[in-house]
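**Q** In this text, residue positions in the sequence shown follow my numbering: the first is 407, and each later residue adds one.
Below is one structure. I have some questions about it.
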Amino acid sequence: MSDNVMARERETVGSYEEIAEAAVRSTGLTDFGDGRHEEGLRVLVDDLNSPAAGLTPRGRYFQRSEVKSALVGRLLTQAQFAAHPERHQVRIERPVFVMGMPRTGTTILHRLLHADPAAQGLEMWLTQFPQPRPPRETWEADPIFTAMQRSFAAHHEASPDYAGIHYLDATTVEECWRLLRQTGKSNSYESLAYLPQYTEWLRRQDWTDAYARHRENLQLIGINDVEKRWVLKNPSHMSALDAVMSVYPDALIVYTHREPVTCIASACSLTAETTAGQSETFVGERLGRSQLELWSHAYHAFHDARSAYDQSQFVEIGFGDLVRDQVGTARAVYDAFGLDWNSDVEAAIAAVDREAREGKAAPNHAYSLSDYGLTERQVLDAFDR
């Protein structure tokens, strides 16, 4: 076995303390802040080490790296917070949150809305290494940015089918979960492993502290772009709408929807592709049932919470409408919220529309619900209100 393969396998995930020490060694930093992250990450690490997770050597390497990445992100953010106390003066007004079931068009709609020259989002590299966003023309000279670009290019070369499912590079705007996991609260973990104890713990939590830190990160990252409106996206926002609205009371919520049978089949396929070879238990029927439980819970949590808020802050987007007319759908969001639509906005969004349909990130994804031990009736029953 080559040294490269060996380097990506581990005999154990390790303890929380061991992973935290590794994060300290990697960054040279020691200040984790108020410690709010510890409870969740300790539960998570215990679950990852349990027989139920069934992790392979490859899976142990991957999952450990995800926990370490959360801790590295927290250390780096804490150092940036100390270096930029002026971030507290940055105002965040009427941020747009795109949320909905996985595979309902959240990614493309997010990228369309972000194309507006007056918008800003969370670029992939800044979600992992939070800092004031540097001028775009300087990114290629940043060693962290270029290392991430090489990593994503190698990933898509090794797994060419993945680009048609969910294309990534360091410049793309991405989901918020890398910020939320700095407080140990993110369903990204249970999306990629069988974690019954962590799932049970997470369902009992108030996520307000996670979104408070999320907001502090936005103030930090956007400190050089204070005039731009934030456009954000994450399916897991559905699980914590009360926390979102508590921290961002003027938030504008774009909710995407699609019939759930296709959503769950597609989400299972994406999860299976992402975690291939990482677990002996998180496969087939168990993967299917865990994804169905995860996303049906998020769906009901969102709809149970939504009625408490001003409905003028919500707009619904059907997947079929988005597929038929991406530019028109983006304009419908602008019209619903009274945002400024002009020729520059339309041209920028139309360019992203063309790239999405024809470029390297063009959709190419095949899946079947039966591959994951689920029936249409099971899915429909789980989403029935």
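Here a beta-carbon is modelled for each residue, glycine too, at the ideal position from N, C-alpha and C.
Given the structure is predicted, the values throughout are model-derived calculations rather than measurements.
Spell out the partners DSSP gives Lys-639 in its beta bridges.
**A** Here residue 639 refers to the residue found at position 233 when the sequence shown is read from its first residue. Partner(s): Val-504.
**Q** For the beta strand (DSSP E) that Leu-663 lies in, which residues bound it at each end?
**A** Within the sequence shown, residue 663 is the residue found at index 257, counting from 1. Correcting the residue identity first, residue 663 is His in this sequence and not Leu. Per DSSP, His-663 belongs to the beta strand (DSSP E) from 658-663.
**Q** Near Asp-787, which residues of its chain fall below 7 Å by C-beta distance, leaving aside the five closest residues on each side in sequence?
**A** As a first step, residue 787 is located in the sequence shown; it is residue number 381 there, counting from the start. Same-chain partners within the cutoff: there are none.
**Q** Ordered along the chain, which non-local residues of its own chain (more than five positions away) have a Cβ less than 6 Å from that of Thr-687?
**A** What you label residue 687 is simply residue 281 of the sequence shown in a count that begins at 1. So the qualifying residues of the chain are Gly-460 and Tyr-600.
**Q** Let me confirm a value: Gly-420 is counted as buried when at least 16 other C-beta atoms fall within 10 Å, else exposed. Which label applies?
**A** Start at 1 with the first residue of the sequence shown, and residue 420 comes out as number 14. Counting Cβ neighbours within 10 Å, Gly-420 comes out buried, since at least 16 surround it.
**Q** Report buried or exposed for His-516, applying the criterion of at least 16 other Cβ atoms within 10 angstroms of its Cβ.
**A** Here residue 516 refers to the residue found at position 110 when the sequence shown is read from its first residue. Buried is the call here.
**Q** So, Val-733 versus Ile-755, is the Cβ gap smaller than 7 Å?
**A** Position 327 of the sequence shown, counted from the first residue, corresponds to residue 733. Position 349 of the sequence shown, counted from the first residue, corresponds to residue 755. Yes, they are a contact pair.
**Q** Among residues of its own chain, excluding the 5 on either side of His-643, which ones have a beta-carbon nearer than 6 Å to its beta-carbon?
**A** In the sequence shown, the residue the question calls residue 643 occupies position 237. Excluding residues within five positions, the ones whose Cβ falls inside 6 Å are Phe-503, Met-505 and Val-650.
**Q** What span of residues does the beta strand (DSSP E) with Phe-720 cover, start to end?
**A** Counting from one through the sequence shown, the residue named residue 720 turns up at place 314. Where Phe-720 is concerned, the enclosing beta strand (DSSP E) stretches over 720-724.
**Q** Helix, strand or coil for Leu-693, going by three-state DSSP, please let me know.
**A** In the sequence shown, residue 693 corresponds to position 287, counting from 1. In this structure, Leu-693 counts as helix in the three-state DSSP scheme.
**Q** Tell me which same chain residues have a C-beta within less than 7 Å of the C-beta of Gln-719, skipping the five on either side of it?
**A** By one-based count along the sequence shown, residue 719 stands at place 313. Once the five neighbours on either side are set aside, the close Cβ partners of Gln-719 are Ala-657, Leu-658 and Ile-659.
**Q** Taking C-alpha atoms, which residue in Thr-681, Arg-619, Pro-463 and Ile-627 lies nearest to Val-653?
**A** Within the sequence shown, numbered from 1, the residue matching residue 653 stands at position 247. Checking every option, the nearest Cα to that of Val-653 belongs to Arg-619.
**Q** Let me know the secondary structure DSSP gives Tyr-568 once reduced to three states.
**A** Along the sequence shown, one-based indexing puts residue 568 at 162. Note that Tyr-568 scores a pLDDT of 41, beneath 50, so its modelled location is shaky and nothing firm can be said.
**Q** Hey, quick one: how far does the alpha helix (DSSP H) through Asn-623 stretch, first residue to last?
**A** Taking the first residue of the sequence shown as 1, we reach residue 623 at position 217. Start and end: 614-627.
**Q** Between which two residues does the alpha helix (DSSP H) carrying Gly-479 extend?
**A** Indexing the sequence shown from 1 puts residue 479 at position 73. Residues 463-489.
**Q** Would DSSP call Glu-529 helix, strand or coil?
**A** The residue given as residue 529 occupies position 123 in the sequence shown. Glu-529: strand per DSSP, three-state reduction.
**Q** Going by DSSP, name the residue or residues bridged to Ser-685.
**A** As a position in the sequence shown, residue 685 is number 279, starting the count at 1. Paired residue(s): Leu-461.
**Q** For Val-579, which of helix, strand or coil comes out of DSSP?
**A** Position 173 of the sequence shown holds residue 579. Val-579 falls in the strand class under three-state DSSP.
**Q** Would DSSP call Gly-511 helix, strand or coil?
**A** Locating residue 511 in the sequence shown gives position 105, where the first residue counts as 1. Of the three classes helix, strand and coil, the one that applies to Gly-511 here is coil, per DSSP.
**Q** Counting Cβ pairs closer than 8 Å, one from the region 703-715 and one from the region 464-483, do we hit at least three?
**A** Taking 8 Å as the limit for Cβ pairs, the verdict is that the region 464-483 does not touch the region 703-715.
**Q** Report yes if the C-beta distance between Phe-535 and Ala-576 is below 7 Å; otherwise report no.
**A** In the sequence shown, the residue the question calls residue 535 occupies position 129. In the sequence shown, the residue the question calls residue 576 occupies position 170. No, they are not a contact pair.
**Q** Buried or exposed: where does Ala-426 fall if 16 or more other Cβ atoms within 10 Å of its Cβ makes it buried?
**A** Here residue 426 corresponds to residue number 20 of the sequence shown, with the count starting at 1. Under this definition Ala-426 is a buried residue.
**Q** When burial is assigned at 16 or more other CB atoms within 10 Å of the CB, is Thr-578 buried or exposed?
**A** As a first step, residue 578 must be located in the sequence shown, where it is residue number 172. Classification of Thr-578: buried, given that the 10 Å Cβ count is 16 or more.
**Q** Buried or exposed: where does Glu-499 fall if 16 or more other Cβ atoms within 10 Å of its Cβ makes it buried?
**A** Locating residue 499 in the sequence shown gives position 93, counting from the first residue. Answer is exposed; the Cβ neighbour count stays below 16.
**Q** With burial defined as no fewer than 16 other Cβ atoms inside 10 Å of the residue's Cβ, what is the status of Ser-597: buried or exposed?
**A** Reading the sequence shown from its first residue, position 191 is the one you call residue 597. The residue in question, Ser-597, is buried, as its Cβ has 16 or more Cβ neighbours within 10 Å.
**Q** Where do the N-terminal and C-terminal ends of the alpha helix (DSSP H) with Pro-536 fall, by residue?
**A** To locate residue 536, count along the sequence shown from 1; it is residue 130. That residue, Pro-536, is in no alpha helix (DSSP H); it is neither H nor E in DSSP.
**Q** Check Asp-790 in the structure and name its three-state DSSP category.
**A** Translated into the one-based positions of the sequence shown, residue 790 becomes position 384. It is coil, neither helix nor strand.
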